């Protein structure tokens, strides 16, 4: 079956009605992808370094230095850096690379691409300055104050305009599943950010949320949970749907599954937030809804895992030689584990044990280090030789990254599971007289300090892996030929007329 | 399963049929059905959701938070009263508690309890921090054995001291009295300024 016969003729810019927006529609803009990729690597290192520091601060208090470098100030810096700077730049790299190729067109507007890139880096830098200074809304994963929130909104609108503009001028009739996930990401993140950040400015760097009390908590966790859903899940599923079949050179397992799991995922995820407020002042009916929707979310999440792993049927032997595929398999496997664990933790009786313990920390890091991290690393190792038109500097170093990173994740999550379950059981232990066995909270903390050291070691191993990747990225870029022409677009047969309306 | 499936050159097996026209930057898609187990677990979780919502909100065969809490508290009360009934009765009077005071075993046991919770507010050697100094001759709530036992048991709402009745048994509270008594006149470093009335013992 000759399905993918392609032509390599370039498109004349003169015939394109949108040419006034775009300098050169005959080539992909890979320069912006390179920028996002390099930013991913740098911010990933910074965010994870701060993570290791705060992991040290818990068992070793003298590591809290001065006013600005204490755990309370640095913890939001760590979460913002790894979510919005590391994972954020990674998904933008994935979106800008794959959207152009799936639409067979250059991004709608080069200037918008640059505003998106530099605007986003500016937001990250302002977060890195304000959070250690203690400027914070105190809303988890939405700590940045109102002027920065407005900047995020503006940059996101530019991104959305650029993305949907690209879809509009596309030269492919159908939109591939990766693009649906990107659309869901862009729309829902906009809704979440606007909804949760509504606040009354009080001073240049201070504001009060328009919601009060339990309503504020409710809207906060509607946002917080869906930040996980639409910033750390849907764009990474889009990434997986593009880069995994590319790297494996295999067709996607099931088109039907991709449709059903996409719609069920985006519909059900948005309801699951209240499970963060189990056993709080939130009315129980709301918690019940959050719990049952979380349970129903299990299979829609696993639909992505199945479509990823089954796409590798008949290609498993390729894992031996491909560090990219190995990383994708670890990433997808951790996605499956954490999306089973999530529904489990949302069940009230399980949550009664796990809530406020390090089990939650273990859970999010199996998703963050395993799924987001390894999907990103796999993509970077796949993109490096292609973007810089050379070969990867060291395959052995990439393999070392794979192993040290994988072992690091295991040390991290196992120590946190042990700490969480230990402390949870100690809190609820009664003696034969019906009195608390450990009435002293401090006793339950001292018990888990060895686990905090183990977590720091696991996190450090993961960080060492990232350093190995930085070396590889730097050396590979040094190998690149000096010529910096963007790649010419390959048009599928007979599709030249599409998308120019 | 054949190993050499490559896009553009794939006749597929009887299961794996490529979808015509679905080629996106070289990526193709199979027309495979959704795995049966996936569909049925998904349906199962949806049935569970309906069952749970009806069970807790309509028919009441699933406990709410309050019902769970009431049941647990009742259970705990039973355990406590059964345990107390099985123990020799503890009479709260000067004589009974007084029998603990000066007993080095009781003082050692009291010191261990003191270190777990009391030291946070009263200081590691009773010198006083947030809570008052326990080593001087000044007392806010009286200084008889029963007075000290009572404040440990009931706490002091206006002074911010929590009640410890739930955490310590009557014997443990009497041991704490013995320990506190043993602190009198120890003159630790950095003592907190006296509070309350001076009562010579």
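Residue numbers (my numbering), protein chains in the order written: chain A, 155 to 655; chain B, 2 to 202. Every residue, glycine too, gets a C-beta built ideally from N, C-alpha and C. As the structure is a computational prediction, the values presented were derived from the model and not from experiment.
Contact with chain B by residue 405 of chain A, beta-carbon distance below 9 Å: The sequence position of residue 405 of chain A within the first chain is 251, counting from 1. It does; some Cβ of chain B falls within 9 Å.
Helix, strand or coil at residue 28 of chain B according to DSSP, with G and I counted as helix: Taking the first residue of the second chain as 1, we reach residue 28 of chain B at position 27. Note: residue 28 of chain B maps to strand in three-state DSSP.
9 Å Cβ cut-off: residues of chain A touching residue 34 of chain B: Position 33 of the second chain, counting from 1, holds the residue named residue 34 of chain B. Within 9 Å Cβ-Cβ: 408, 410, 411.
N- and C-terminal bounds of the alpha helix (DSSP H) containing residue 606 of chain A: As a first step, residue 606 of chain A is located in the first chain; it is residue number 452 there, counting from the start. Here the alpha helix (DSSP H) through residue 606 of chain A covers 603–633.
Neighbour-count burial assignment, residue 177 of chain A, 16 or more Cβ in a 10 Å radius: Numbered from 1 along the first chain, position 23 holds the residue referred to as residue 177 of chain A. A caution first: residue 177 of chain A carries a pLDDT of 47, below 50, which makes its placement in the model too unreliable to give a value.
Strand pairing of residue 406 of chain A, partner residues [DSSP]: One-based indexing of the first chain puts residue 406 of chain A at position 252. B:30, per the DSSP bridge assignment.
Any C-beta of chain B under 9 Å from that of residue 447 of chain A: For the purposes of this step, residue 447 of chain A is identified with residue 293 of the first chain, where counting begins at 1. Closer than 9 Å: yes.
Touch test, the region 24–42 of chain B against the region 416–428 of chain A, Cβ-Cβ under 8 Å, three pairs minimum: no
Bounding residues of the alpha helix (DSSP H) (the contiguous stretch that carries residue 274 of chain A): Numbered from its first residue, the first chain carries residue 274 of chain A at position 120. Unbroken alpha helix (DSSP H) run through residue 274 of chain A: 264–284.
Pair within 9 Å by beta-carbon distance, residue 58 of chain B and residue 99 of chain B: Position 57 of the second chain, counted from the first residue, corresponds to residue 58 of chain B. Position 98 of the second chain, counted from the first residue, corresponds to residue 99 of chain B. Taking 9 Å as the Cβ cut-off, residue 58 of chain B and residue 99 of chain B do not qualify as a contacting pair.
Residue-chain proximity (residue 587 of chain A, chain B), Cβ-Cβ < 9 Å: On the first chain, position 433 is the one that residue 587 of chain A refers to. Yes, contact with chain B.
Chain-ordered chain B contacts of residue 328 of chain A [CB-CB under 9 Å]: Residue numbering aside, residue 328 of chain A sits at position 174 when the first chain is read from its first letter. Around residue 328 of chain A, the beta-carbon contacts reaching into chain B at under 9 Å are 22, 23, 25.
Start and end residues, alpha helix (DSSP H) containing residue 454 of chain A: On the first chain, position 300 is the one that residue 454 of chain A refers to. Looking at the DSSP string, the run of the alpha helix (DSSP H) that includes residue 454 of chain A is 452–465.
For residue 583 of chain A, the three-state DSSP class (helix, strand or coil): Here the question's residue 583 of chain A lines up with position 429 in the first chain. Coil at residue 583 of chain A, not helix or strand.
Beta bridge counterpart(s) of residue 363 of chain A as assigned by DSSP: The residue given as residue 363 of chain A occupies position 209 in the first chain. According to DSSP, which records beta bridges pairwise, residue 363 of chain A is partnered with A:353.
C-alpha gap between residue 482 of chain A and residue 458 of chain A, whole angstroms: To locate residue 482 of chain A, count along the first chain from 1; it is residue 328. To locate residue 458 of chain A, count along the first chain from 1; it is residue 304. Approximately 13 Å between the Cα atoms of the pair.
Stretch-stretch touch, CB-based, cutoff 8 Å, three pairs: the region 439–453 of chain A with the region 45–62 of chain B: yes
Rounded distance between the beta-carbons of residue 574 of chain A and residue 508 of chain A, thought under 8 Å: For this step, residue 508 of chain A is matched to residue 354 along the first chain. For this step, residue 574 of chain A is matched to residue 420 along the first chain. Yes, they are in contact, since the Cβ atoms of residue 508 of chain A and residue 574 of chain A sit about 6 Å apart, within 8 Å.
Residues of the region 239–256 of chain A with Cβ closer than 8 Å to any Cβ of chain B, in chain order: 252, 255, 256
Collapsed DSSP secondary structure at residue 199 of chain B in the structure displayed: Walking along the second chain from the start, residue 199 of chain B turns up at place 198. Residue 199 of chain B: strand per DSSP, three-state reduction.
Below-9 Å beta-carbon distance, residue 652 of chain A vs any chain B residue: Your numbering for residue 652 of chain A matches position 498 in the first chain. With a pLDDT of 45 at residue 652 of chain A, under the threshold of 50, the modelled position of that residue is not reliable, and no figure is offered here.
Three-state class that DSSP yields for residue 643 of chain A in the structure shown: Position 489 of the first chain, counting from 1, holds the residue named residue 643 of chain A. Here residue 643 of chain A sits in coil by DSSP.
Neighbour list for residue 594 of chain A in chain B, Cβ cutoff strictly below 7 Å: Walking along the first chain from the start, residue 594 of chain A turns up at place 440. Ordered by position in chain B, the residues that pass the 7 Å Cβ test against residue 594 of chain A are 117, 118.
Residue 207 of chain A, DSSP secondary structure in three states: Taking the first chain and counting its residues from 1, one reaches residue 207 of chain A at position 53. Residue state, collapsed to three classes: helix.
Spatially closest choice to residue 589 of chain A from B:127, B:132, B:85, B:156, by CA coordinates: Working through the first chain from its first residue, we reach residue 589 of chain A at position 435. When only C-alpha atoms are compared, the closest one is B:85.
Buried or exposed by the 16-neighbour rule on C-beta atoms within 10 Å, applied to residue 198 of chain B: As a first step, residue 198 of chain B is located in the second chain; it is residue number 197 there, counting from the start. So residue 198 of chain B ends up on the exposed side.
Assigned secondary structure, residue 498 of chain A (DSSP; H/G/I helix, E/B strand, else coil): Looking up residue 498 of chain A in the first chain gives position 344. Three-state result, residue 498 of chain A: helix.
Contact under 9 Å by Cβ, residue 606 of chain A with residue 209 of chain A: Walking along the first chain from the start, residue 606 of chain A turns up at place 452. Walking along the first chain from the start, residue 209 of chain A turns up at place 55. Result yes, Cβ atoms of residue 606 of chain A and residue 209 of chain A sit closer than 9 Å.
Boundaries of the alpha helix (DSSP H) in which residue 148 of chain B is found, first to last residue: Locating residue 148 of chain B in the second chain gives position 147, counting from the first residue. Its alpha helix (DSSP H) spans residues 146–155.
According to DSSP, residues forming a beta bridge with residue 219 of chain A: Start at 1 with the first residue of the first chain, and residue 219 of chain A comes out as number 65. DSSP lists A:223 as partners of residue 219 of chain A.
Chain B contacts from the region 381–402 of chain A (Cβ-Cβ distance under 9 Å): 395, 396, 399, 400
Cut-off 7 Å between Cβ atoms - residues of its own chain near residue 538 of chain A, not counting five sequence neighbours on either side: Within the first chain, numbered from 1, the residue matching residue 538 of chain A stands at position 384. Cβ neighbours of residue 538 of chain A beyond the five flanking positions: 546, 627, 630.
Cβ-Cβ distance between residue 195 of chain A and residue 282 of chain A below 9 Å: For the purposes of this step, residue 195 of chain A is identified with residue 41 of the first chain, where counting begins at 1. For the purposes of this step, residue 282 of chain A is identified with residue 128 of the first chain, where counting begins at 1. Contact: no.
Whole-angstrom distance between residue 396 of chain A and residue 1 of chain B, CA atom to CA atom: Residue 1 of chain B is absent from the model: chain B starts at 2 and stops at 202.
When A:306, A:185, A:215 are compared against residue 248 of chain A, the one with the closest alpha-carbon: Locating residue 248 of chain A in the first chain gives position 94, counting from the first residue. Closest by alpha carbon: A:185.
Among A:529, A:305, A:372, nearest to residue 244 of chain A - alpha-carbon criterion: Locating residue 244 of chain A in the first chain gives position 90, counting from the first residue. Checked all of A:529, A:305, A:372; the closest Cα to residue 244 of chain A is A:529.
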